[in-house]
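Asker:
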Amino acid sequence: MPVHFLSLLLVVSAGQQYFRVQPHDTKVQEGGEAMLECEVAMLAGAVQWTKDGFALEELSSEELR
1 MPVHFLSLLL VVSAGQQYFR VQPHDTKVQE GGEAMLECEV AMLAGAVQWT KDGFALEELS
61 SEELR
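In my numbering, the protein residues as written are 1 to 65.
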């Protein structure tokens, strides 16, 4: 079964932003579910979820499939 890697990239700009809740890489089998949590304090830059090294498009839902 394929395993997918999900991670979060935080691009820092001006300001003292930081991860209040640190994201963790997550492995999930195809068709499985994963809960991805993070919280960025003092958000001043871009936050981008990636999957298998590729940026995911902006989604209006918190649920990625």
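We put the CB at the ideal spot given by N, CA and C, even for glycine. Just so we're clear, the structure is a prediction, and the values are computed from it rather than from any experiment.
To the nearest angstrom, how far is the alpha carbon of Gln48 from that of Cys38?
Answerer: Position 48 of the sequence shown, counting from 1, holds the residue named residue 48. Position 38 of the sequence shown, counting from 1, holds the residue named residue 38. Rounded to the nearest angstrom, the two C-alpha atoms are 12 Å apart.
Asker: Tell me which same chain residues have a C-beta within less than 6 Å of the C-beta of Ala55, skipping the five on either side of it?
Answerer: Within the sequence shown, the letter at position 55 stands for residue 55. If we look at Ala55 and ignore the five residues flanking it on each side, its Cβ neighbours are Gln48.
Asker: Would you list the one or two residues that DSSP bridges to Glu39?
Answerer: Looking up residue 39 in the sequence shown gives position 39. DSSP output for Glu39 lists Val21 as bridge partner(s).
Asker: So the beta strand (DSSP E) Gln29 belongs to, where does it begin and stop?
Answerer: Here residue 29 refers to the residue found at position 29 of the sequence shown. Run containing Gln29: 26–29, per the beta strand (DSSP E) assignment.
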